[in-house]
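A.B. asks: Note that the working numbering has the sequence shown beginning at 984, numbered continuously upward.
The C-beta atom is built at its ideal place from N, Cα and C for all residues, glycine as well.
Before I ask anything, here is the structure I am working with.
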Amino acid sequence: MYAVISREKIQLPPGSVMRMPGTWQDYCTLRDSRGDGSIPRIKYRDGEILLMSPLPRHGREANILADVVKILLDSENRNYEAFTPITMDIPEVGGIEPDYCFYIDNWQAAVGKDRINWQTDPPPDLVIEIDVTTYTAAEDYAPYGVSEVWLLEKSGLKMYALQGETYALQTRSRYFPGVDLPELIAQVFATAAEQGTGVALRNLRQQLMR
984 MYAVISREKI QLPPGSVMRM PGTWQDYCTL RDSRGDGSIP RIKYRDGEIL
1034 LMSPLPRHGR EANILADVVK ILLDSENRNY EAFTPITMDI PEVGGIEPDY
1084 CFYIDNWQAA VGKDRINWQT DPPPDLVIEI DVTTYTAAED YAPYGVSEVW
1134 LLEKSGLKMY ALQGETYALQ TRSRYFPGVD LPELIAQVFA TAAEQGTGVA
1184 LRNLRQQLMR
């Protein structure tokens, strides 16, 4: 029997994850009950609904990692489109809300778009997730055809590339092949923890301008 889902907003303690059986219709009801809000985060896959209430750390790390991507792209004068928050869903198949997504190779397909049809429009090239509660798996993005998924875990940055219908762990990003990203990201976060985010990002910009 599936859980009964109401339109009342669900509140979870920060950092908690809730799993429950549910239908696509249940997922839509919960998603819509948030109105203009984005908490709790909601995911649907294989008849299961997952809810997650992020910690402040989650948002801070997502923004730092996304800013690193923007700085790297800007240093190479590359165009891009970035979105957050955003809900990716394919009716009856899945629904997920990445922390950030980037259109890099396909940036022109996303210019000026207010809505994206995940069944017909090109998917994001890169998705970023902060995985502090084991809420996320790279495979969640396979139905959408996202080329690359970054998961920032406690152990550091993990990069996954789509190969066929599954993801494989990579040591280099296809979008920044000349950069040791795990090492660079570790340095940025270490500086941010000691001296602040602004210092860490300014140092990165200066480093790339040399």
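1) Rounded to the nearest angstrom, what separates residue 999 and residue 1114 at their Cα positions?
2) Where does residue 1063 sit, in a helix, a strand or coil, going by DSSP?
3) Identify whether residue 1129 lies in helix, strand or coil by the three-state DSSP scheme.
4) With DSSP as the reference, label residue 1010 as helix, strand or coil.
5) Identify which residue in 1105, 1058, 1109 has its Cα closest to the Cα of residue 1150.
6) Buried or exposed: which applies to residue 1051, given that a residue is buried once 16 or more other Cβ atoms fall within 10 Å of its Cβ?
7) Checking 8 Å against the spacing of the C-beta atoms, do residue 1135 and residue 1048 come in under that value?
8) Find the nearest neighbour of residue 1071 within the set 1124, 1166, 1012, judged by alpha-carbon distance.
9) Cutting at 6 Å between CB atoms, please list the residues of its own chain near residue 1189, excluding the five before and the five after it.
10) Going straight from the alpha carbon of residue 1096 to that of residue 1058, what length do you get?
11) Within the continuous alpha helix (DSSP H) that includes residue 1169, where are the two ends?
C.D. replies: The short version:
1) Against the sequence shown, residue 999 aligns to sequence position 16. Against the sequence shown, residue 1114 aligns to sequence position 131. Near 12 Å, if we compare the C-alpha coordinates of residue 1114 and residue 999.
2) Here residue 1063 is taken as the residue at index 80 of the sequence shown, counted from 1. Three-state DSSP puts residue 1063 in coil, outside helix and strand.
3) Position 146 of the sequence shown holds residue 1129. DSSP places residue 1129 in coil when its eight states are reduced to three.
4) Here residue 1010 refers to the residue found at position 27 of the sequence shown. The answer is helix: DSSP assigns residue 1010 an H, G or I state.
5) Walking along the sequence shown from the start, residue 1150 turns up at place 167. Ranking the options by Cα distance to residue 1150, first place goes to 1109.
6) Residue mapping note: residue 1051 aligns to position 68 of the sequence shown, counting from 1. Buried is the call here.
7) Here the question's residue 1135 lines up with position 152 in the sequence shown. Here the question's residue 1048 lines up with position 65 in the sequence shown. Yes; because the gap between Cβ atoms is below 8 Å, this pair is in contact.
8) Taking the sequence shown and counting its residues from 1, the one referred to as residue 1071 is at position 88. It is 1124.
9) Walking along the sequence shown from the start, residue 1189 turns up at place 206. Short of 6 Å from the beta carbon of residue 1189, and not among the five residues preceding or following it, lies no beta carbon of its own chain.
10) Translated into the one-based positions of the sequence shown, residue 1096 becomes position 113. Translated into the one-based positions of the sequence shown, residue 1058 becomes position 75. Cα-Cα distance, rounded: 25 Å.
11) Numbered from 1 along the sequence shown, position 186 holds the residue referred to as residue 1169. Taken as a continuous stretch (DSSP letters only), the alpha helix (DSSP H) holding residue 1169 covers 1164-1178.
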